[in-house]
Amino acid sequence: MPRYFIWTIGCQMNKAESQQIAGYLNTVGYQATSSFREADLIVLNTCVVRQSAEDKVLGTLGLLKGIKRGHPNLPILVTGCFVDSDIEGLKKRFPWVDFFFKPGAYSELISWAQSQGISTTEQGLLRYARNDTWEAPSPCAFIPIIQGCDNFCSYCIVPYRRGREISRPVEEVVCEVKELVKRGIKEVTLLGQNVDSYGHDLPEKPDLADLLARLNDIDGLARIRFLTNHPKDMTLKLIQATASLDKVCEHLELAVQAGDDDILKAMRRGYTVEQYRELVHSIRRHIPQISLSTDIIVGFPGETEEQFEHTFSLLEEMRFDVVHIAAYSPRPGTIAWRKYEDDVSPEIKKERFHRVEELQASIASVINLQLRGWTIEVLVEGKKKGKWYGRTRGDKLVFFEDDADWLGQLVEVKIDKTSPWALQGKIKINSD
Ligand code: SF4
Numbered sequence: 131m132p133r134y135f136i137w138t139i140g141c142q143m144n145k146a147e148s149q150q151i152a153g154y155l156n157t158v159g160y161q162a163t164s165s166f167r168e169a170d171l172i173v174l175n176t177c178v179v180r181q182s183a184e185d186k187v188l189g190t191l192g193l194l195k196g197i198k199r200g201h202p203n204l205p206i207l208v209t210g211c212f213v214d215s216d217i218e219g220l221k222k223r224f225p226w227v228d229f230f231f232k233p234g235a236y237s238e239l240i241s242w243a244q245s246q247g248i249s250t251t252e253q254g255l256l257r258y259a260r261n262d263t264w265e266a267p268s269p270c271a272f273i274p275i276i277q278g279c280d281n282f283c284s285y286c287i288v289p290y291r292r293g294r295e296i297s298r299p300v301e302e303v304v305c306e307v308k309e310l311v312k313r314g315i316k317e318v319t320l321l322g323q324n325v326d327s328y329g330h331d332l333p334e335k336p337d338l339a340d341l342l343a344r345l346n347d348i349d350g351l352a353r354i355r356f357l358t359n360h361p362k363d364m365t366l367k368l369i370q371a372t373a374s375l376d377k378v379c380e381h382l383e384l385a386v387q388a389g390d391d392d393i394l395k396a397m398r399r400g401y402t403v404e405q406y407r408e409l410v411h412s413i414r415r416h417i418p419q420i421s422l423s424t425d426i427i428v429g430f431p432g433e434t435e436e437q438f439e440h441t442f443s444l445l446e447e448m449r450f451d452v453v454h455i456a457a458y459s460p461r462p463g464t465i466a467w468r469k470y471e472d473d474v475s476p477e478i479k480k481e482r483f484h485r486v487e488e489l490q491a492s493i494a495s496v497i498n499l500q501l502r503g504w505t506i507e508v509l510v511e512g513k514k515k516g517k518w519y520g521r522t523r524g525d526k527l528v529f530f531e532d533d534a535d536w537l538g539q540l541v542e543v544k545i546d547k548t549s550p551w552a553l554q555g556k557i558k559i560n561s562d
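Here the working numbering is used: the first residue of the sequence shown is 131, the next is one more, and so on.
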């Protein structure tokens, strides 16, 4: 049986799309391998959201150039956000790549596979469902529900690479989730660059709350999450749905990016600090046990010490469970790249990054310490270094030791140890 290797970096959307590509390749008779060197077909699923990610893509393409020299018939495919509209230009720069296709452009992938004699059937046209032989490696699955982004935040390359928003019909998503549940999936995470704007482009104009209500009715499904949320698109209806639907987890990723109004304006985020603050208060009023994560960019062009302090104070005030921090990195083609000079030095960016990191570690350690002694439901996702691990509904990572096989089970764990990043405890009862 021929083997494929898929190399993936970047966001959850990329990981979900790699699973879909893997599902397709399984359908046409390939099997996965974990090594470039053993593969009969290689797919690179790329990210260019930061320079460091792009550098990794370029490094891997360089490595593949060498491999291709020794194996001239080895097909190499590249997808993800590295693939811009100038595919002819990419072909000239990387002649050892056989095929470039845009993120989510599965019909192009299938046509290419058919042209190569790899696929002669139409089975692979199941765009999203994993194939019949697919076994869930974990009880959790990521489901892209909306592609692209209409927002054009000034620093972001995503809308240029993934295009405008395109939602999948409600029935298609419901059908996929039902299929996954039959194969052992217990938790789904609905994905979109801006998941809150789901449905506006569909004829009936359903919204995310409507989709959540449909998924909540699926027997056998235990948990639903969705990310990433955009503060300007998070409606009261969606907050109320999160509060009232029993399978929707008390966990939201709500990227703020900065705590200063002038920086938010330059980022073109579409909200003020006060509007964000009110939104968080409203979420916490409706869902008191909510676990909130956010994203922060430090060192945006022109960010003064005072403006950074505004961000720092907002983080102190909001006390998020998790903060994902990035240092600004100019992305050619974006509005910020065209309009602003990258004038915050690397040293200052690093210092601000570390200050936020330290602050968040101290906040998260206090939040997590409060969970000591609690018994919490955990969905077991796997085993690492002899310990089972899984997540709570609030997305806290939990480890416990036990000899029995708990993979895919919902269990109760009594927490006896905490850190800013994870919890540890003892299994109590199996609630599944
Ligand atoms: S919402 Fe902004 S940051 Fe997020 S993908 Fe869209 S343009 Fe990029």
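Here a beta-carbon is modelled for each residue, glycine too, at the ideal position from N, C-alpha and C. Computed from a prediction, not measured in an experiment: that's the story for all the values here.
Status (buried if at least 16 other CB within 10 Å, exposed otherwise) for residue i
| i | result |
| --- | --- |
| Val496 | exposed |
| Lys526 | buried |
| Trp536 | buried |
| Lys515 | exposed |
| Arg167 | exposed |
| Ser443 | exposed |
| Ile493 | buried |
| Ser245 | exposed |
| Thr548 | buried |
| Pro132 | exposed |
| Glu147 | buried |
| Glu447 | exposed |
| Asp337 | buried |
| Gly254 | Confidence in Gly254 is poor, its pLDDT being 47 and thus under 50, which makes the residue's placement too unreliable to answer from. |
| Lys222 | exposed |
Beta-carbon gap between residue i and residue j smaller than 8 Å
| i | j | result |
| --- | --- | --- |
| Gly389 | Leu445 | yes |
| Ile206 | Ile172 | yes |
| Val307 | Ile273 | yes |
| Leu174 | Thr190 | yes |
| Val213 | Lys232 | yes |
| Trp226 | Leu194 | yes |
| Arg292 | Gln323 | yes |
| Ala396 | Phe430 | yes |
| Val486 | Thr424 | no |
| Leu341 | Asn359 | no |
| Ser327 | Asp363 | yes |
| Gly432 | Asp473 | yes |
| Glu404 | Gly524 | no |
| Pro460 | Tyr401 | no |
| Thr319 | Cys286 | no |
| Val528 | Gly538 | no |
heavy atom of ligand 1 below 7 Å from residue i C-beta
| i | result |
| --- | --- |
| Phe282 | yes |
| Asn324 | yes |
| Pro289 | yes |
| Cys141 | no |
| His454 | no |
| Cys177 | no |
| Cys279 | yes |
| Cys211 | no |
| His360 | yes |
| Cys286 | yes |
Pairwise C-alpha distance: residue j and residue i
| i | j | result |
| --- | --- | --- |
| Gly607 | Gly350 | Since the first and last residues shown for the chain are 131 and 562, residue 607 lies out of range. |
| Gly153 | Ile315 | 15 Å |
| Ile276 | Ile139 | 19 Å |
| Tyr236 | Ala183 | 23 Å |
| Tyr258 | Glu435 | With a pLDDT of 45 at Tyr258, under the threshold of 50, the modelled position of that residue is not reliable, and no figure is offered here. |
| Leu345 | Leu553 | 29 Å |
| Gln437 | Arg482 | 11 Å |
| Thr464 | Phe530 | 45 Å |
| Gln149 | Ser475 | 39 Å |
| Tyr134 | Val158 | 11 Å |
| Asp546 | Gln490 | 22 Å |
| Arg398 | Lys517 | 44 Å |
| Glu471 | Ile136 | 37 Å |
| Asn156 | Ala466 | 41 Å |
| Gln142 | Asp533 | 31 Å |
| Asp331 | Leu409 | 25 Å |
| Ser284 | Glu439 | 21 Å |
| Arg407 | Leu394 | 13 Å |
| Lys312 | Cys211 | 32 Å |
| Ala373 | Lys198 | 53 Å |
| Ala162 | Leu509 | 26 Å |
| Arg415 | Leu366 | 11 Å |
| Asn498 | Pro550 | 6 Å |
| Ala352 | Ile427 | 34 Å |
| Val325 | Pro333 | 18 Å |
| Asp347 | Cys279 | 29 Å |
| Ile557 | Gln500 | 19 Å |
Short CB-CB distance (under 8 Å) between residue i and chain C
| i | result |
| --- | --- |
| Leu366 | Chain labels in this structure do not include chain C; a single protein chain is all it has. |
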